[in-house]
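Before any comments, here is the structure.
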């Protein structure tokens with residue numbers, strides 16, 4: 001998962017709409033890359049008026065949070081998304097940007113999320129809504145930055161992993177469970193024993209169900225009763241060779 005932030009002068013935000021920014025899912029990969037290049041270097045006006053940043057969360061890290069033991073408490077995906085967004089906003093403010101308004105595409109109920117952000121950033125006017133990346137140009141720019149960064153990171157990962165052919169065209173899809181390309185990629189990449197590498201999130205119900213149905217089931221036998229407790233061997237005082245397998249220390253030999 002990749003979360004993005006984009007910021008600009010309030011007076012410049014309307015200009016972003018005329019530059020072609022929109023919900024990244026509605027844009028072609030080529031157009032997303034073109035817009036990203038403009039923000040980074042090729043368009044002096046965009047580069048001087050728009051700042052951006054992203055935060056990447058690996059599939060392994062997300063799963064580690066969601067599959068934590070019950071005693072520790074599950075760190076669900078919504079909470080991880082909220083924290084990533086909050087840190088991005090804090091980092092922008094830490095750079096000296098005078099943030100007055102915050103627009104966020106919701107994760108979970110908009111009203112609850114908006115109230116949470118308003119408590120954390122009391123000096124800012126906060127707006128959280130569904131499809132914010134289609135409604136607010138700054139969120140659209142953040143969406144483009146996040147999607148292009150995600151695609152590039154995946155491309156580099158698979159090149160290093162030696163499985164770049166799986167990424168021809170847009171074969172991996174959007175990463176959403178409703179995307180047949182993503183589901184097909186999961187199925188074609190499935191190892192019947194180990195599932196997937198660190199590129200897939202095992203806590204994702206789509207992956208968990210696929211592994212359960214199409215992977216090999218493994219039975220783990222219970223420990224046999226009456227087994228020798230290794231700890232008791234190391235701590236026993238009954239005989240020297242169980243505690244001191246390398247021989248009794250001289251001090252103990254003198255006491256014999």
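Numbering (the numbering used here), first residue to last: 1 to 256.
In this text, a Cβ means the ideal position worked out from N, Cα and C, and glycines have one as well.
Beta-carbon spacing of residue 56, residue 107 below 8 Å: Residue 56 sits at position 56 when you count from the first residue of the chain shown. Residue 107 sits at position 107 when you count from the first residue of the chain shown. No, these two residues do not count as a Cβ contact at 8 Å.
One or two residues paired with residue 2 in a DSSP bridge: Counting from one through the chain shown, the residue named residue 2 turns up at place 2. For residue 2, which the question treats as bridged, DSSP gives the partners 56.
Contained beta strand (DSSP E) runs [length at least 3] in the segment 125 to 156, N- to C-terminal order: The qualifying runs are 125 to 129.
Residue 43 and residue 143 closer than 8 Å at C-beta: What you label residue 43 is simply residue 43 of the chain shown in a count that begins at 1. What you label residue 143 is simply residue 143 of the chain shown in a count that begins at 1. Between residue 43 and residue 143, the gap from beta carbon to beta carbon reaches 8 Å or more.
Residue 75 versus 88, 85, 86, 61, residue with shortest Cα-Cα distance: Position 75 of the chain shown, counted from the start, is the residue given in the question as residue 75. Looking at the Cα atoms, 61 is the closest of the given residues.
Cross-strand partners of residue 195 (DSSP beta bridge): Counting from one through the chain shown, the residue named residue 195 turns up at place 195. 191.
Whether residue 91 touches residue 53 by CB criterion (8 Å): If you number the chain shown from 1, residue 91 lands on position 91. If you number the chain shown from 1, residue 53 lands on position 53. In this structure, residue 53 lies closer than 8 Å to residue 91 by Cβ.
Contact set for residue 132: own chain, Cβ-Cβ below 8 Å, skip 5 residues either direction: For the purposes of this step, residue 132 is taken as residue 132 along the chain shown, with counting starting at 1. Excluding sequence neighbours, residue 132 sits near 103, 104, 105, 106, 139.
Residue(s) in a DSSP beta bridge with residue 7: Against the chain shown, residue 7 aligns to sequence position 7. Under DSSP, residue 7 shares a beta bridge with 51.
Rounded distance between the beta-carbons of residue 47 and residue 41, thought under 8 Å: Here residue 41 is taken as the residue at index 41 of the chain shown, counted from 1. Here residue 47 is taken as the residue at index 47 of the chain shown, counted from 1. That pair is a contact at about 6 Å.
Assigned exposure category for residue 97 - 16 Cβ within 10 Å defines buried: The residue labelled residue 97 in the question sits at position 97 within the chain shown. Label assigned to residue 97: exposed.
Reference residue 18, options 29, 45, 220, 172, closest by Cα: Within the chain shown, the letter at position 18 stands for residue 18. Measuring from the Cα of residue 18, the nearest candidate turns out to be 45.
Segment limits, beta strand (DSSP E) that includes residue 179: The residue given as residue 179 occupies position 179 in the chain shown. Where residue 179 is concerned, there is no enclosing beta strand (DSSP E), given that its DSSP letter is neither H nor E.
Through-space distance from residue 88 to residue 111, alpha-carbon basis: As a working note, residue 111 is residue 111 in the chain shown. As a working note, residue 88 is residue 88 in the chain shown. Here the alpha carbons of residue 88 and residue 111 stand approximately 20 Å from one another.
Inter-residue Cα distance where the pair is residue 187 and residue 158: Numbered from its first residue, the chain shown carries residue 187 at position 187. Numbered from its first residue, the chain shown carries residue 158 at position 158. When rounded, the distance between both Cα atoms is 17 Å.
Pair within 8 Å by beta-carbon distance, residue 180 and residue 206: Counting from one through the chain shown, the residue named residue 180 turns up at place 180. Counting from one through the chain shown, the residue named residue 206 turns up at place 206. Cβ distance not < 8 Å, so residue 180 and residue 206 don't count as in contact.
Beta-bridge partners of residue 72, as assigned by DSSP: Stepping through the chain shown from its first residue, residue 72 is reached at position 72. Residue 72 is not bridged to any residue.
Cβ-based neighbour list, residue 127, same chain, cut-off 6 Å, excluding 5 preceding and 5 following: Counted from its first residue, the chain shown places residue 127 at position 127. Cβ within range, chain order: 103.
First and last residue of the uninterrupted alpha helix (DSSP H) at residue 87: Counting from 1 along the chain shown, the entry for residue 87 is found at position 87. Where residue 87 is concerned, the enclosing alpha helix (DSSP H) stretches over 77 to 94.
Environment of residue 191 [buried if 16+ CB atoms lie within 10 Å]: Locating residue 191 in the chain shown gives position 191, counting from the first residue. Around the Cβ of residue 191, a 10 Å sphere holds fewer than 16 other Cβ atoms; the residue is exposed.
Beta-carbon contacts of residue 260 that lie in its chain and below 6 Å, excluding the five residues immediately before and after: Any property of residue 260 remains undetermined from this structure, which presents the chain solely from 1 to 256.
Residue 33: first and last residue of the uninterrupted alpha helix (DSSP H) it sits in: Position 33 of the chain shown, counted from the start, is the residue given in the question as residue 33. Its alpha helix (DSSP H) spans residues 29 to 37.
Beta-carbon gap between residue 100 and residue 10 smaller than 8 Å: Indexing the chain shown from 1 puts residue 100 at position 100. Indexing the chain shown from 1 puts residue 10 at position 10. Against a cut-off of 8 Å, the Cβ pair of residue 10 and residue 100 comes out as a contact.
Per DSSP, cross-strand counterpart(s) of residue 120: For the purposes of this step, residue 120 is taken as residue 120 along the chain shown, with counting starting at 1. DSSP lists no partner for residue 120.
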